[in-house]
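Heads up: the sequence shown begins at 0 in numbering that gives the first Met the number 0, then just goes up one per residue. The next block holds one structure in the form of structure tokens; read it before the comments.
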Amino acid sequence: MTTIYRAEWLLPITAPPVKDGAVAVDGERIVAVGTHDEVCAACPGASAVDFGQAVVMPGFVNAHSHLEYTSFRGMFDDEQFGDWIISLIDVKASLTPDEYLWSARLGALEALASGVTTVADTTYTGETLTAVAEAGLRGVAYLEVFGIDDKRLDETMADLVERLARAQTLASPRLEIGVAPHAPYTVSSRLFQTLAAFARQRRMKVASHVAESKEEVTYIRSGSGKFAHDYREKMGWERMLIQPYGVSPIKYLQQWGVFDENFLAVHCVHASIDDIRILKAKRTAVVHCPKSNAKTGCGIAPLPDLLRQGVRVGFGTDSPAASNIMDMFDEMRTALFLHRGVERDVSVLNAAQCIRIATLGGAEALGLDDRVGSLDPGKQADLIAVDVSSSHFVPIDDPYSALVYGANQDDVLFTCVAGETLYQDGGFPRLDAHTIRAESRKVRAKLQARVGAGRVRVGAAESGWWHTPPATDQRES
Ligand SMILES: [Zn+2]
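As structure tokens, this is what we get:
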């Protein structure tokens with residue numbers, strides 16, 4: 000059964016915008032793209048959906064998110080990154096796996112309503128996998144690993160193998176499982192290397208937070224600062240030896256041989272030209288999270304230099320705990336304004352480039368560009384329709400401009416993954432949005448109660464960082 004989706008504008012991404020465009024979908028795949036007349040001629044007898052004054056385009060690829068933290072949004076809006084991440088430790092341990100699942104479901108709901116069709120999601124609890132599978136989203140879910148104490152490395156790896164076995168039961172052609180060493184300041188060099196080798200052996204993708212904050216740079220370079228003291232104390236790691244490495248986080252990771260084409264370096268705010276050349280040489284992809292990095296005071300990643308050097312780059316909203324909403328229009332707009340403002344040069348980034356990074360760029364960064372990221376015959380039918388009939392869009396003669404400068408997540412009308420309609424006109428065929436929102440409010444109330452109860456020292460006060468003792472480092476006492 001073939002369906003033709005028609006709109007005033009079609010953005011194939013790999014070709015210029017098409018006025019009065021259409022895309023034909025048969026089952027999971029796109030079978031024709033072009034003007035409405037061309038597509039009708041190619042697919043006689045197909046049923047038709049006409050979105051009218053709308054833009055049909057590939058769904059967004061959100062190249063970095065943490066769906067399980069959706070209920071945390073807006074809790075620590077004014078904390079500097081180092082304090083913010085420590086505040087999160089305080090509240091993270093208070094939720095049950097079931098509560099994390101509701102939080103992740105809320106994130107999946109927002110993704111669909113925002114026109115996100117692929118999420119590259121980092122998860123410690125693994126509850127994201129269930130939420131993504133239920134929602135029908137396409138995803139790469141990276142299971143997060145922490146560990147500074149090499150004496151516990153075998154335990155950490157055994158725990159990962161066990162979590163992966165559970166995760167694999169939810170894997171599907173739409174949902175791939177990867178591994179996420181959390182960051183250079185929470186994963187020892189030996190564990191980082193072990194995880195990289197483990198992933199290569201199993202052909203799994205790897206994602207890690209890299210060169211995100213000045214606190215991380217100080218920690219790696221000189222073994223000092225907030226991460227060396229406050230953060231490690233919070234984690235119960237203060238007795239572990241710290242070694243100053245004297246190099247940038249990217250050079251540090253290169254020394255351990257962890258970068259390759261399946262490695263996704265998230266953030267890279269503190270990346271010099273030499274660092275960028277390393278990423279390029281290793282064919283490592285980068286995720287740019289402009290809002291998260293700016294809001295937490297981390298800085299602005301050198302996107303123009305990354306693009307000039309030919310590094311694969313996607314946009315990520317990061318955790319709603321950091322950037323509050325999963326609006327890819329907002330990410331595109333923020334990126335464009337920040338980079339033009341900082342460089343005092345309008346030529347560094349334009350609207351068409353932003354749309355490409357948010358779709359095909361993300362797909363390339365994740366190694367999924369043979370399947371998604373553009374509207375081309377043979378690709379998966381992951382597409383969205385964005386309403387451009389309201390006054391803030393009128394008149395339009397450049398759809399890229401209209402979307403990047405003017406659109407919001409609320410303008411998304413329709414989201415479909417692999418030919419399956421998952422969101423249309425405010426409705427979610429697969430999900431009970433009312434219950435998800437109601438349960439998420441309860442989760443938030445519990446988090447707020449924890450904040451009100453004051454800070455705790457996780458290593459001492461909890462049986463584990465989360466609910467089951469993780470095979471990472473606990474306080475030795
Ligand atoms: Zn993150």
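Note that beta-carbon positions come from the ideal geometry of N, C-alpha and C, so glycine has one too. Owing to the predicted nature of the structure, the values given are computational and were not obtained by experimental measurement.
So if I measure from each beta-carbon to every heavy atom of ligand 1 and keep distances below 6 Å, which residues remain?
Ordered along the chain, the selected set is 63, 65, 121, 208, 265, 317 and 318.
Helix, strand or coil, according to DSSP, for residue 471 in the structure here?
Any answer about residue 471 is weak, because its pLDDT of 44 lies below 50 and its placement is not dependable; what the coordinates show is given next. In this structure, residue 471 counts as coil in the three-state DSSP scheme.
Tell me the DSSP bridge mates of residue 343?
For residue 343, DSSP records no beta bridge to any residue.
Residue 63 versus 310, 364, 379 and 339, residue with shortest Cα-Cα distance:
Taking only the C-alpha atoms, the option nearest residue 63 is 364.
Taking the alpha-carbon positions, what's the residue 96 to residue 390 distance?
C-alpha of residue 96 to C-alpha of residue 390: approximately 44 Å in a straight line.
Taking buried to mean at least 16 other C-beta atoms within 10 Å of its own C-beta, is residue 177 buried or exposed?
So residue 177 ends up on the buried side.
Comparing C-alpha positions only, which one of 285, 396, 105 and 289 sits nearest to residue 298?
Of the listed residues, the one whose Cα sits closest to residue 298 is 289.
Note down the Cα distance separating residue 254 from residue 406, rounded to an integer number of angstroms.
Taking the straight line joining both Cα atoms gives about 43 Å.
Residue 38: first and last residue of the uninterrupted alpha helix (DSSP H) it sits in
DSSP places residue 38 inside the alpha helix (DSSP H), whose first and last residues are 35 to 41.
Taking the DSSP output, what are the residues bridged to residue 18?
Paired residues: 8.
Simplified DSSP assignment, three categories, for residue 197:
When secondary structure is reduced to three states using DSSP, residue 197 falls in the helix class.
Enumerate in chain order the residues of its own chain whose CB-to-CB distance from residue 386 is below 6 Å, with the five nearest sequence positions on each side excluded.
Taken in chain order, the residues that qualify are 53, 410 and 412.
Taking only runs that begin and end inside the segment 133 to 214, name each unbroken alpha helix (DSSP H) of 4 or more residues, in chain order.
For the segment 133 to 214, whole alpha helix (DSSP H) runs of length 4 or above, ordered along the chain, are 152 to 167 and 188 to 200.
Local conformation of residue 329 per DSSP, three classes
Helix at residue 329.
Quick check on DSSP: helix, strand or coil for residue 336?
DSSP, reduced to helix, strand and coil, places residue 336 within a helical segment of the structure shown.
Residue 28 bridges to which residues according to DSSP?
Per DSSP, 25 and 379.
Neighbourhood of residue 180 by C-beta distance below 6 Å, restricted to the same chain and skipping five residues each side:
Residues 144, 186, 191, 194 and 207 of the same chain have their beta carbon placed closer than 6 Å to that of residue 180, with the five preceding and five following residues left out of the count.
Answer yes or no: do residue 416 and residue 381 have a C-beta to C-beta separation smaller than 8 Å?
Yes; because the gap between Cβ atoms is below 8 Å, this pair is in contact.
Who are the Cβ neighbours of residue 388 in its own chain at under 8 Å, not counting the five residues just before and after it?
Excluding five sequence positions before and after residue 388, the CB atoms of its chain that fall closer than 8 Å to its own CB belong to 51, 52 and 53, given in chain order.
Validate contact between the segment 84 to 104 and the segment 432 to 450 using beta carbons, cut 8 Å, 3 pairs
Touching, yes.
So, helix, strand or coil for residue 391, using DSSP?
In this structure, residue 391 counts as helix in the three-state DSSP scheme.
Terminal residues of the continuous alpha helix (DSSP H) containing residue 415?
Counting along the chain, residue 415 falls outside any alpha helix (DSSP H), though it belongs to the beta strand (DSSP E) covering 411 to 416.
Roughly how far, in whole angstroms, is the beta-carbon of residue 169 from the beta-carbon of residue 118, given that I think they are within contact range, below 8 Å?
That pair is no contact at about 14 Å.
Find the nearest neighbour of residue 122 within the set 157, 44, 68 and 28, judged by alpha-carbon distance.
Nearest of 157, 44, 68 and 28 to residue 122, Cα basis: 68.
The beta strand (DSSP E) enclosing residue 120, as first and last residue numbers:
Here the beta strand (DSSP E) through residue 120 covers 115 to 122.
Inspect the CB distances between the segment 276 to 296 and the segment 339 to 351 and report whether three or more fall short of 8 Å.
With contact defined as three or more Cβ pairs closer than 8 Å, the segment 276 to 296 and the segment 339 to 351 are not in contact.
Could you pull the DSSP bridge partners for residue 64 from this structure?
Answer is 120.
For residue 423 versus residue 112, is the C-beta distance shorter than 8 Å?
Contact flag unset, no.
Which residues mark the beginning and the end of the beta strand (DSSP E) in which residue 49 is found?
Element bounds for residue 49: 46 to 49.
Kindly list the residues whose CB is nearer than 8 Å to the CB of residue 420, restricted to its own chain and excluding five residues on each side of it in sequence; keep chain order.
Contacts found: 413, 414 and 428.
Measure the C-alpha to C-alpha separation of residue 211 and residue 46 and round it to an integer number of angstroms.
Rounded to whole angstroms, residue 211 to residue 46 spans 48 Å at the Cα level.
Close beta carbons around residue 82, own chain, < 7 Å, minus the five adjacent residues each side
Cβ within range, chain order: n/a, list empty.
Just to confirm before moving on: does the CB-CB distance between residue 107 and residue 136 stay below 8 Å?
Contact check for residue 107 against residue 136 passes: the beta carbons are separated by less than 8 Å.
Which of helix, strand or coil does DSSP assign to residue 2?
If DSSP states are grouped into helix, strand and coil, residue 2 belongs with the strands.
To the nearest angstrom, how far is the alpha carbon of residue 369 from that of residue 378?
Rounded to the nearest angstrom, the two C-alpha atoms are 7 Å apart.
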